[in-house]
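Chains as they are written, first to last, in the UniProt record's numbering: chain A, 1 to 328; chain B, 1 to 266; chain C, 1 to 725.
All remarks here apply to the structure that follows.
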């Protein structure tokens, strides 16, 4: 690990003021410290924000909830209000990593989790995300774990987070504060970005912006939800493909639907076409299958990840079925 | 007591300490044979059978501090590391992980380095009561936090019930992932009491305290600790026994003569 | 120690060193409190084939706290190989940093020694290498098959005429099975603390065989063997990767010599992919022929594996095919392809684990085609003679293993037709595989030290044996307890120090038989000598306390040695077993889980069922890993391992496993050795991948011939001909 200045902080203002070029805020460290050990992340200052107080869950005036960015994933997923009102989010969060890592990882940090692309991790290999202009090793190399949607010539990596997939299905806003202490809200769908020709940028955060909270709108999919995670071992593995499915039913038809996929794109992939198709339809196998066809219609796999198209369809149908059949 | 060889040589010229006596009771050595035994022992076995029991503090005091030129570091940090109920003032490199601080500076080598990247769980400790990975925790962030390691859970003479259960059910082989497994298991007892959910929990909206975890729940919740020797089944049994309070029976048996005869003559 | 009430061999006592392991007190290599130690970090090459053209160490050297940067330019001269591509063994020299040649991606090209671990790690990245990259690295297995060569005369075997046997068959099958590169990955990272004093070096090192380690280190440095002491009191798993001295250990010894302080090197998990051995890729072509009644007529097993371009290692996948079944026409071949990868080396049941997967799968394929129960098919072709050597087995209870296991498992509930046993989205399958593993036994020395006080005798056993999780401490204590007639509590076992009497070390499933018979020998000699001095007849029963008293002694030492008998050499000595798996496969997602397993083992006298059970489930777990997800992939353009961490290389986690019932057959194989012990550490792994793959066929009708069986492969795989969807 390269040397860096460690700056402890007690308040968010202190943290924001400490920010300088090439600083990183240090939350749980589960991703950042790992990447520093790998010499992928090379900050010259770490601003420790672990002692800051935006680590609470509170109810908003509109009936939604505000999740403090510094709250751990396990505290968030286990919070009674989240389990009751947003069980899809709890389930997705708890599918991730391990109890130890979830105890460390923060909500803000999870939003910023970087890709697991092995070309990104191995500093002797080309990677435009790690080292802009060096090329993409995965495109003509080993790409079984890579994107089938929304990639660019410069990067085909995927976002590895489970939490993000659930948030994409549920809908959310991210509250951030700038170094001048002003704040702004970023719709979740705009928080992460596609690689384009700037794959080094995972998100639309600006330098120095500090994530304060994730805002959820009023409770949704509390009765019919499922987070399906297909992986190479039964636990402690990133998803090959994951699907977050939530639905609400009225008079036997789907009145509201949230459907998003993980492991397929540079950002959590909202399956908008499938959602639109399913709205107002009966929750049956035939409709689920049609929605899955629509969802995967635009997939453009590489040599090694062709399996993701078929697996994706099966995963959508299964997640929708599980969500529907769940006894409310 | 920084060198087992020297320690052995010194034995003739001094009395055994109380700590040492306790240890020998532990390993079943009595009377004058203690001293004789110690002298016969090799350096290696000495540090296995004796010195390790009582030497962590002593070893720690003799472990090297940082090099003399503090300007080596961009950021030299002074912290008070509170480990197993005692406070250790340390001057550290900002890059030092909690894991390396424990192992290389405090001689608390019970916490293991299995991957150093948060991918195996061998370095699991409890920080403020929660199980966390010491390899991805920078020591600098631990000021004012309470760290509990395997050494703080129990000692050979006074084991934590989970340590006893692991011994009884052979929940280990090489022993390297074991401290992490045990710290994880102890923390899990608390998580179950608190009613925390896991990915395999049936219904997230059902919130109860004092969960009685199913085998699948236990396995999922202990999946963050890799055991390459493959002692998982014994680990699950050890956990179950402490969790439920009921005796767990072994799942091995010997074939009976009747079975043998039947098989042969089938 | 409190729960140790029982004594003697055969009792399920707790591990005698267990209290140290569960409290974190057991000391592994990098944990010895050696004064003034400093830290080193090795540097790896970033090309697969070529030469170093220049090295810039200046940036690293000017960093405060850096003590030395070692490269081939300033490294100590070591003994190097005198022939091209020498075969690797457990005591082979390990020259490192001797020239500018690069043989594979990840090869050590330098070492930084520094005051602290953090500085060493950082400085290692500051050493800049430029390379001349050769254009033709051998990194794509499929394109290199034409370069496969026959390593030696022992690579091939045949009896009868396989072509004729296939022609006589009513049904024949020709299938190719592949297994990927796998890594041992013991949880303890390989490590060494090397310390020189007065021309002698002490190495606290994670090694399975300390005697061979002293040979390899002394040979490499060209110093007398007695100037090298290796201490490995506790070894955090090995599985073959710590059999030999790997190059980090040589680097540690070299660095310590060069700077004059003790040096600690801990190999990183990433380096454990490239620098501590691996199980090589194998392509196994199986041909099998049988009559309609199930009589085998032919069996051929042709294996192509890779070795490195600079050393040779051959894992014989076909070993098991030569001896397991009664088949008159049999052919086994092995070919090697030199590749620009790290040299492979023995991983748990080398040859048997991978070979059994192919053999036991093709046996299942044939049983399916014959419409025969796979257990009955195996039993029909059982043999009590090792046809490959034309000599009897010392004992072989494979049929008993299969039948007793079938009953325990509930095999009668298995559906012969795939895809007919379902539960919701799950397809349920039962699979079986036979297990077999050679059970060697080697010359072993030991020393016993008796110490009497107030009528109570304490005994210390010293051997250079290691306990790599196998239970050596415990079973040796039990052996001494039995042969000295004193409780286990009064036995102190000291292992893992090359100053102690020589043993073969831990590997190849010979540990238990060798160590215990070695310890037995010293105890028997002590008793016998003490009796002789007092003219007491050998058969007379006198306690050891009484004997010492009669001799007017308070202490006594004896040395013993055990070695294989002539009878042993005239027999084929194997452990046998059978594994039964119930596997549930998700019909859509391709995810699958092991629901339960039953394993039956016939492995001679079981010294301690608790630790023996551990060995069996340990083998099964690692074997489950072979089936579930373990694979190391070679990047086709750069030649590095794209799976480079525990996040990419998936070893099994707790949730991957399920209940395992283990049945030991009551057996004492006195031909094997005096105590009737056979090996058990590798038996488990030889049966599990096959039984899982067969269960997956039974569940899905898909024959998975390429390990691991990942969800994406299962989704893609076609139904086998004749299976109803």
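Heads up, the beta-carbon is just placed ideally off N, CA and C, and yes, glycines get one too.
In this text the structure is predicted, and so the values were computed from the model without any measurement.
| Query | Result |
| --- | --- |
| Consider the Cβ of residue 232 of chain B: report whether some Cβ of chain C lies at a distance smaller than 7 Å. | yes |
| Count the other CB atoms within 10 Å of the CB of residue 615 of chain C; is the residue buried (16 or more) or exposed (fewer)? | buried |
| Which value, in whole angstroms, describes the spacing of the CA atoms of residue 201 of chain C and residue 228 of chain C? | 5 Å |
| Tell me the DSSP secondary structure of residue 48 of chain A in three-state form. | strand |
| From residue 205 of chain A to residue 191 of chain A, what distance separates their C-alpha atoms? | 7 Å |
| When you compare each of C:658, C:70, C:657 and C:676 to residue 665 of chain C by their alpha carbons, which one comes out closest? | C:676 |
| With DSSP collapsed to three states, give me the class of residue 122 of chain C. | helix |
| Just the Cα atoms here: how many angstroms apart are residue 473 of chain C and residue 458 of chain C? | 16 Å |
| Under the rule that 16 or more other beta-carbon atoms within 10 Å means buried, what is residue 133 of chain A, buried or exposed? | exposed |
| Look at the alpha carbon of residue 695 of chain C and the alpha carbon of residue 413 of chain C, and state the distance between them as a whole number of angstroms. | 13 Å |
| Which parts of the region 35–75 of chain C are runs of the alpha helix (DSSP H), unbroken and 4 residues or longer, counting only runs that do not cross its ends? | 58–61 |
| Are residue 378 of chain C and residue 434 of chain C closer than 7 Å when you measure CB to CB? | yes |
| By Cβ distance, which residues of its chain are closer than 6 Å to residue 182 of chain C, with the 5 residues on each side in sequence left out? | 279 and 630 |
| Using a cut-off of 8 Å between C-beta atoms, extract the partners of residue 220 of chain B located in chain C. | 654 and 655 |
| Are the C-beta of residue 82 of chain B and some C-beta of chain A separated by less than 7 Å? | no |
| Below 8 Å between beta carbons is the criterion; list the residues of the region 617–638 of chain C that meet it against any residue of chain A, in chain order. | 628, 629, 633, 635, 636, 637 and 638 |
| Compare the C-beta of residue 4 of chain A against all C-beta atoms of chain C and say whether one is closer than 7 Å. | no |
| Thinking C-alpha only, which one of A:170, A:327 and A:98 is nearest residue 223 of chain A? | A:327 |
| Measure the alpha-carbon distance for residue 67 of chain C versus residue 193 of chain C and round it to whole angstroms. | 16 Å |
| Counting only Cβ pairs nearer than 8 Å, list the residues of chain A close to residue 46 of chain C. | 124 |
| Would you report the Cα separation of residue 226 of chain A and residue 278 of chain A, rounded to the nearest angstrom? | 16 Å |
| Ordered along the chain, which non-local residues of its own chain (more than five positions away) have a Cβ less than 6 Å from that of residue 227 of chain B? | 177 |
| Put residue 633 of chain C into one of helix, strand or coil per three-state DSSP. | coil |
| Which residues does DSSP list as the beta-bridge partners of residue 212 of chain A? | Partner(s): none; residue 212 of chain A has no beta bridge. |
| Short check: CB of residue 296 of chain C to CB of residue 321 of chain C, under 7 Å? | no |
| Who does residue 185 of chain A pair with in a DSSP beta bridge? | A:175 |
| Can you give, in chain order, each stretch of the alpha helix (DSSP H) that sits fully within the region 506–574 of chain C and has at least 4 residues? | 511–533, 544–550 and 566–569 |
| Please report the straight-line C-alpha distance between residue 627 of chain C and residue 620 of chain C, rounded to a whole angstrom. | 10 Å |
| Measuring only between beta-carbons, confirm whether residue 234 of chain A sits less than 7 Å from chain C. | yes |
| Give the secondary structure of residue 148 of chain C by DSSP, where H, G and I count as helix, E and B as strand, and everything else as coil. | coil |
| Applying the 10 Å Cβ sphere with the 16-neighbour rule, what's the burial state of residue 222 of chain C? | exposed |
| Select from B:252, B:165, B:211 and B:266 the residue whose C-alpha is nearest the C-alpha of residue 608 of chain C. | B:252 |
| If we ignore side chains and look at the alpha-carbon of each, how far apart do residue 212 of chain A and residue 24 of chain A end up? | 15 Å |
| With respect to the beta strand (DSSP E) encompassing residue 130 of chain C, which residues constitute its N-terminal and C-terminal limits? | 128–133 |
| In the DSSP assignment, find the unbroken alpha helix (DSSP H) run with residue 111 of chain C in it and report its ends. | Element bounds for residue 111 of chain C: not the alpha helix (DSSP H) but the beta strand (DSSP E), 108–114. |
| At the 7 Å Cβ level, is residue 223 of chain B part of the contact set with chain D, yes or no? | This model lacks chain D altogether; the protein chains it does include are A, B and C. |
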